[in-house]
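Chains as they are written, first to last, in this note's numbering: chain C, 1 to 516; chain F, 1001 to 1167.
Report on the following structure.
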């Protein structure tokens, strides 16, 4: 394909120059050459300048190279020296390791310095050292005793004897002081009674007072619904917020434990657990048909502590009967249970060695006189009690015995004992089948009464939950609810219970049960 | 507002997750060793309801009935019961009828709720209701699918039961 310029004439620079009239080829070529080479020459000059700069730089670099070579030389020498030292240290380290691994050698190395070091450290920061060493002491002593008992005994003997002696002496001094304080304050019924008892029994008065000076506190009291395990009321010496939340679960667990034990050993009446012990702490549990009253205590309780717990329980039952019967989880309805419980806890809050509140009766002169009079009467009663021919708690009234003998054809004799937990009204009929002759009784909590009878006897009780009956020493179990009236037909074989509704007194019972 | 106390028993076969449900629901105080000693452990939870604040006493009763029969005394006075079964174990569903019957013998007025536990492991809602009908008779009860693992419906089950008890 032909070029598109093919048909056009080519005009060169030479042609242009030839066309000029003053054209002198030699000069013009020279000028042209100059024109054409002008840029190249300028570039050449620049390059020459750069070349000179680089030559200068090269010379500088050569100088630095020489300096660096010198430095390198020095560093190489230093490296060689360090390498040498490193090898020497490795040798030293290997020797030290050998020394440490070889126990004999290590001990020999430390031996001369360890005592001095420890001595200096103890002198400078003894407490710090004690903190470090303390955790080791117990296991170290334990091990030492295990490994070399005789040596330890020998080592400790001189100080143990003195330590024990001093501790015992101190405890005895405190005890004697407390006994003396108590005896000094003993001009009251309790003190007089104690002295008399001591004289009669031959037991020193100081021994009689001993249990009273040992510290004892009631830390918490729980009133628990027996059926559900729900906490009805709670009093604690600790802050309520602290104790309250746990108390609800404790009461449930206490009930669960009671239930569990009953389930394991059978539902025997009167088989409730009365005391849980853990070290010097105890939990006394007093049961009634509807309630548990549990007292968490610490220390040695007084002899009549169970009786005191029972009295509190009876008081609560008497004052809050309807709230207890209708309890459905609302503790606000049992506010009246709190005061006797609080009073009970507070009565054991006295400082050890000082008389407790419930023991301070007779402190004022007027009270001393009153208590003195009561004491004199009590002494007369006591004298009668001590010198009467039989040691029965209460004699069987002759009228009843005679009546009972004529009651039934069976002549098998039996002994019936009633122990009151609450206030109890009772009507005992002279004849099993005759309601016209009878004798009425009103008992207070804590009282005990006994009958001897032949054949059978009939009685009507106004508060079945307020007493326990023992037939020839065997507990007849639950007779009914608190304040529930019941009629009891008793023979040597057991008891037949007729329960009556407490609200419809007199109506015949809906339930009859016979127990042997 | 008054604080009422109510006793709830948790029943169900061994391993259905009763203890896990309780653990999920409350801050526990007692150790779980009580299960192996006396067969029950009690925890509590205070629930604020519209009508009252209710302190729930949760009796988590060990489900080892094969070796150690239930102490039926534990049911006494219960206001409510949560009967738990495992959605993965059909036999635990069948057992609910037996638990229900035993419970009602001792606590006839108890309010009931059933929970199918471990719902996170299975498709819920596929269970046969016959077993529950058999257990309940003429009664009514609440039913939940719960997961002690994820916490699903745990709060709702206990709260509903609490509401039923104070009605």
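By construction, the Cβ of each residue, glycine as well, lies at the ideal position given by its N, Cα and C atoms.
Item                                                                                                                                                                           : Value
So, is residue 389(C) buried or exposed, given that buried needs 16 or more other C-beta atoms within 10 angstroms?                                                            : Its pLDDT being 38, under 50, residue 389(C) is placed unreliably by the model, and the measurement read from it follows with that caveat. Per the 10 Å Cβ criterion, exposed.
Assign residue 112(C) to one of three DSSP states: helix, strand, or coil.                                                                                                     : helix
Name the DSSP beta bridge partners of residue 65(C), please?                                                                                                                   : Residue 65(C) pairs with nothing; no bridge assigned.
Give the interface partners of residue 1053(F) over in chain C, defined as CB-CB distance under 8 Å, in chain order.                                                           : By Cβ distance, chain C contributes nothing, its closest Cβ being about 11 Å from residue 1053(F), past 8 Å.
Could you tell me which residues DSSP puts in a beta bridge with residue 470(C)?                                                                                               : 417(C), 475(C)
Is there a Cβ from chain C that is less than 8 Å from the Cβ of residue 1111(F)?                                                                                               : no
Please confirm whether residue 1077(F) and residue 1061(F) have their CB atoms less than 8 Å apart.                                                                            : no
Evaluate contact between the segment 460-469 of chain C and the segment 328-339 of chain C, counting only Cβ atoms and requiring at least three cross-stretch pairs below 8 Å. : no
I want to verify the contact list: residues of chain C whose CB lies under 9 Å from the CB of residue 1060(F), in sequence order.                                              : By Cβ distance, chain C contributes nothing, its closest Cβ being about 11 Å from residue 1060(F), past 9 Å.
From residue 256(C) to residue 192(C), what does the alpha carbon distance come to, in whole angstroms?                                                                        : 45 Å
Is DSSP giving residue 942(F) helix, strand or coil here?                                                                                                                      : Missing from the structure shown is residue 942(F); chain F here goes from 1001 to 1167 and no further.
Have a look at the DSSP bridge pairing and note the partners of residue 539(C).                                                                                                : With chain C running from 1 to 516 in the structure shown, residue 539(C) is simply not present.
Would you be able to state if there are at least three C-beta pairs under 8 Å between the segment 1106-1117 of chain F and the segment 1129-1146 of chain F?                   : yes
Going by DSSP, name the residue or residues bridged to residue 286(C).                                                                                                         : 293(C)
Taking its Cβ as the centre, do 16 or more other Cβ atoms sit within 10 Å of residue 172(C), making it buried, or is it exposed?                                               : exposed
Assign residue 419(C) to buried or exposed, taking buried as 16 or more other Cβ atoms, counted over all protein chains shown, within 10 Å of its Cβ.                          : buried
Let me see if you follow: with CB-CB separation under 8 Å, is residue 248(C) close to chain F or not?                                                                          : yes
Cβ atoms of residue 1102(F) and residue 1072(F): under 8 Å apart, would you say?                                                                                               : yes
Can you give me the start and stop residues for the beta strand (DSSP E) that residue 482(C) sits inside?                                                                      : Run containing residue 482(C): none; DSSP gives neither H nor E here.
Near residue 15(C), which residues of its chain fall below 8 Å by C-beta distance, leaving aside the five closest residues on each side in sequence?                           : none
With distances taken from CA atoms, which of 41(C), 260(C), 317(C) is nearest residue 287(C)?                                                                                  : 317(C)
What's the C-alpha gap between residue 1066(F) and residue 258(C)?                                                                                                             : In this predicted model, residue 1066(F) has a pLDDT of only 46, less than 50, meaning its place in the structure is not dependable enough to derive any value.
Since residue 427(C) is in the beta strand (DSSP E), which residue starts that stretch and which ends it?                                                                      : 424-431
Any chance you could list the beta strand (DSSP E) runs of at least 3 consecutive residues sitting entirely within the segment 1082-1143 of chain F, in chain order?           : 1111-1117
Residue 1073(F) lies in the beta strand (DSSP E); which residues open and close that run?                                                                                      : Segment: none, residue 1073(F) is in no beta strand (DSSP E) and carries neither H nor E.
My guess is that residue 306(C) and residue 284(C) are in contact by the Cβ rule of under 8 Å, so how many angstroms apart are they, rounded?                                  : 6 Å
For residue 1042(F), write down the residues that DSSP places opposite it in a beta bridge.                                                                                    : 1059(F)
Compute the distance between the beta-carbons of residue 1161(F) and residue 1121(F), then report whether it is under 8 Å.                                                     : no
Is the CB-CB distance between residue 1011(F) and residue 1084(F) below 8 Å?                                                                                                   : yes
Any beta carbon of chain F sitting closer than 8 Å to that of residue 252(C)?                                                                                                  : yes
Does residue 1005(F) have its Cβ less than 8 Å from a Cβ in chain C?                                                                                                           : yes
For residue 262(C), return the contacting residues in chain A, with the cut-off set at a CB-CB distance below 7 Å.                                                             : Within the model displayed, chain A is absent; protein chains C and F are what it includes.
Is there a Cβ of chain C sitting closer than 8 Å to that of residue 1143(F), yes or no?                                                                                        : no
Figure out for me which residue from 247(C), 113(C), 44(C), 162(C) has the closest Cα to the Cα of residue 1042(F).                                                            : 247(C)
Over the uninterrupted beta strand (DSSP E) stretch that includes residue 435(C), give me the two end residues.                                                                : 434-443
With DSSP run on the structure shown, which of helix, strand or coil describes residue 79(C)?                                                                                  : helix
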